[in-house]
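Written below as structure tokens is the structure these notes are about.
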Amino acid sequence: MPDVPQILSNVPGSLPWGVWRERHPALIAKVAAGLPYPPDRRRALDELAEEITGPVRPLPADAHDRDLWAEWGREYLGAHWQDVPFLWAESYFYRKLLHAVGYFADGPWRGVDPFEPFKTAELLGGALESDLAALDPLAALPDAEQDAALLTASLWGNRADLGFQVTARRDPDERDPSTPLVADQSARLWTLLEEAAPAGVCLVVDNAARELVPDLLLADHLLATGRAATVLLHVKPTPYFVSDATPADVTAALRRLVAASGAAGEAGRRLWQGVVDGVVAIRAHPFSCAPWSYHHMPADLAEDFAAASLTIMKGDLNYRRLVGDRWWPPTTPFAAATDYFPGPVAALRTLKSDVVVGVPDEVLTHLDADGEPWRTTGTHALVQVR
Ligand SMILES: O=P(O)(O)OC[C@@]1(O)O[C@H](CO)[C@@H](O)[C@@H]1O
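Structure below.
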């Protein structure tokens, strides 16, 4: 395990501190308003809002995974939510939220995704419609420009994160295209793919809808250009971090693509057939919702990554899990922070939390001198590869 302090949530004014004080109370209210939950479910949501202001409590006796979380929480149950590692606490919060809405209980709310109303609104919204239309002129561009456009769309698609937007003060579309990447190893990404082609690529996706669609289009591009022979999509087995993609979100995105006109519809039909033929596979591994970094991954998951020519990790949370949710000195080489990972790995991420490695010295000096909170607001992005 890296010998670097873990991020907790007890520093007033920090991003994690604000998550407990502002983002999660606002999210609970949003969930309660999103579906017609009956009184017992509303009460449970109110109780969760109350609980996160005090000590972490165990899951109820009838929860199917109570023992698992009791084991995972051995060091943390009974402590204040803000005094335990941020990554662990957030994962447990989402598990508790699923309990509150009856996601695992017998009854009418079993399996009902509490975030579905927000994901669906985004999937059917006008912003995604224009993203899809922008695909049509792409075919006329030289190959390298097509590569760059699809990678950029997938990278900045990570701004479309509904959890982040609960209290974000900026519009996700308000991006200054001239903002240079904090680190850009995209050339290495293409070289790695080409050297191993055609091979299996793992794409560990992040958010549904407006981020997942450009991720799927990137997957289609890798297959269509022979950079990938197969694509294995890793998604979350259950609703998590508001908009994280589940298998149901993948099928919803595929249906949205298939229904589109022009190049988006063509890509959608290729991807659909790819799933039918087993060229595109979907894996919802339980570890994807575990409260740990990938240092703790089980052997079967490590085998998926070891077998891939490249694993592409999308988004902020996957980045936190890849390098560890820790106070790394930002100039720590990405290769050093990920040296344990069982195969070539790339991170495509907009920066929405404090964790960062692989920032060149001169870039760091420049960003810090600016005085703007570049690590946590989603205004900056990176492509890192090892
Ligand atoms: O993984 P994603 O969707 O890019 O980001 C997840 C996120 O919204 O959740 C955390 C705060 O709750 C932060 O790490 C990050 O901003």
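Residue 46 in my numbering sits at position 45 of the sequence shown, and the numbers go up by one each step.
Glycine included, each C-beta is placed from N, C-alpha and C at the ideal position.
Using the three-state DSSP reduction, which class does Gln7 fall into: helix, strand or coil? On the sequence shown, residue 7 is found 6 positions in, with the first residue counted as 1. Strand, per DSSP.
From the DSSP output, in three-state form, read off His296 for me. Reading the sequence shown from its first residue, position 295 is the one you call residue 296. Helix.
With distance defined between alpha-carbon atoms, name the residue in Arg160, Thr180, Asp369 and Thr226 nearest to Gly379. The count along the sequence shown starts at 1 and reaches residue 379 at position 378. The residue with the shortest Cα to Cα distance from Gly379 is Arg160.
Please state whether DSSP places Pro17 in a helix, a strand or coil. By 1-based counting over the sequence shown, the position of residue 17 is 16. In the structure shown, Pro17 sits in a helix (DSSP, three-state: H, G or I).
Among Phe165, Leu151 and Glu130, which residue has its Cα nearest to the Cα of Ala140? As a first step, residue 140 is located in the sequence shown; it is residue number 139 there, counting from the start. Selected option, being the one with the closest Cα: Leu151.
Is the stretch 226-239 in contact with the stretch 252-268, if contact means three or more CB pairs nearer than 8 angstroms? Under the Cβ criterion (8 angstroms, minimum of three pairs), the stretch 226-239 does not count as touching the stretch 252-268.
In the structure shown, what three-state DSSP assignment does Ile29 receive? Position 28 of the sequence shown, counted from the start, is the residue given in the question as residue 29. Correct three-state label for Ile29: helix.
Closer than 7 angstroms to a non-hydrogen atom of ligand 1 - does that hold for the CB of Phe306? Here residue 306 refers to the residue found at position 305 of the sequence shown. Because no heavy atom of ligand 1 lies under 7 angstroms away, the Cβ of Phe306 does not count as near it: no.
Simplified DSSP assignment, three categories, for Gly316: For the purposes of this step, residue 316 is taken as the residue at position 315 of the sequence shown. The DSSP-derived three-state label of Gly316 is helix.
As assigned by DSSP and simplified to three states, the class of Asp185: Translated into the one-based positions of the sequence shown, residue 185 becomes position 184. Correct three-state label for Asp185: strand.
Below 6 angstroms CB to CB, which residues in the same chain sit around Glu212 once its five sequence neighbours on both sides are set aside? Along the sequence shown, one-based indexing puts residue 212 at 211. If we look at Glu212 and ignore the five residues flanking it on each side, its Cβ neighbours are Gly158, Asn159 and Ala161.
According to DSSP, which residues form a beta bridge with Gly201? In the sequence shown, counting from the first residue as 1, residue 201 sits at position 200. For Gly201, which the question treats as bridged, DSSP gives the partners Thr231.
How about Asn208: is its Cβ closer than 7 angstroms to a heavy atom in ligand 1? Sequence index remark: in the sequence shown, residue 208 carries index 207 (1-based). It does: the Cβ of Asn208 is within 7 angstroms (strictly closer) of some heavy atom of ligand 1.
Excluding the 5 residues preceding and the 5 following Gly266 in the sequence, name in chain order all residues of the same chain whose CB lies nearer than 8 angstroms to its CB. Within the sequence shown, residue 266 is the residue found at index 265, counting from 1. So the qualifying residues of the chain are Leu258, Val259 and Ala260.
Buried/exposed call for Gly112, threshold 16 Cβ in 10 Å: In the sequence shown, residue 112 corresponds to position 111, counting from 1. Of the other Cβ atoms in all chains shown, fewer than 16 fall within 10 Å of the Cβ of Gly112; this residue is therefore exposed.
Check whether the Cβ atoms of Arg387 and Ala336 lie closer than 8 angstroms to each other. Within the sequence shown, the letter at position 386 stands for residue 387. Within the sequence shown, the letter at position 335 stands for residue 336. The beta carbons of Arg387 and Ala336 sit closer together than 8 angstroms.
In chain order, what residues of the same chain have a beta carbon less than 6 angstroms from the beta carbon of Tyr35, not counting five sequence neighbours either side? As a first step, residue 35 must be located in the sequence shown, where it is residue number 34. It is Gly, not Tyr, that sits at residue 35 in the sequence shown. Excluding positions up to five away in sequence, the list reads Pro118.
For ligand 1, is there any heavy atom lying closer than 7 angstroms to the beta carbon of Asp213? Within the sequence shown, the letter at position 212 stands for residue 213. The displayed chain sequence assigns Leu, not Asp, to residue 213. No - ligand 1 has no heavy atom lying nearer than 7 angstroms to the Cβ of Leu213.
Whole-angstrom C-beta distance between Trp328 and Pro86, which should lie under 8 angstroms: The residue labelled residue 86 in the question sits at position 85 within the sequence shown. The residue labelled residue 328 in the question sits at position 327 within the sequence shown. No, Pro86 and Trp328 are not in contact; Cβ-Cβ is about 12 angstroms, not under 8 angstroms.
With distances taken Cα to Cα, identify the nearest neighbour of Gly390 among Lys315, Pro331 and Arg44. Past the edges of the chain, shown from 2 to 387, lies residue 390, and the structure says nothing about it.
Kindly indicate the opening and closing residues of the beta strand (DSSP E) around Arg284. If you number the sequence shown from 1, residue 284 lands on position 283. Unbroken beta strand (DSSP E) run through Arg284: Val281 to Arg284.
4-residue-minimum alpha helix (DSSP H) runs that sit fully inside the stretch 302-377, ordered along the chain: Qualifying alpha helix (DSSP H) stretches, in chain order: 316-324, 335-338 and 362-371.
Please state the DSSP three-state secondary structure of Asp66. As a first step, residue 66 must be located in the sequence shown, where it is residue number 65. Three-state result, Asp66: coil.
What residues in its chain sit with their C-beta under 7 angstroms from that of Gly227, if we drop five residues either side in the sequence? Position 226 of the sequence shown, counted from the first residue, corresponds to residue 227. Cβ neighbours of Gly227 beyond the five flanking positions: Ala198 and Pro199.
I'd like the list of long-range same chain contacts for Val202, defined as Cβ closer than 8 angstroms, with 5 residues on each side in sequence excluded. Translated into the one-based positions of the sequence shown, residue 202 becomes position 201. Leu194, Ala220, Leu223, Arg228, Ala229, Thr231, Val232, Leu233, Ala309, Ser310, Leu311, Thr312 and Ile313.
Would you say the beta carbon of Gly325 is closer than 7 angstroms to some non-hydrogen atom of ligand 1? Indexing the sequence shown from 1 puts residue 325 at position 324. Not so, every heavy atom of ligand 1 lies at least 7 angstroms from the Cβ.
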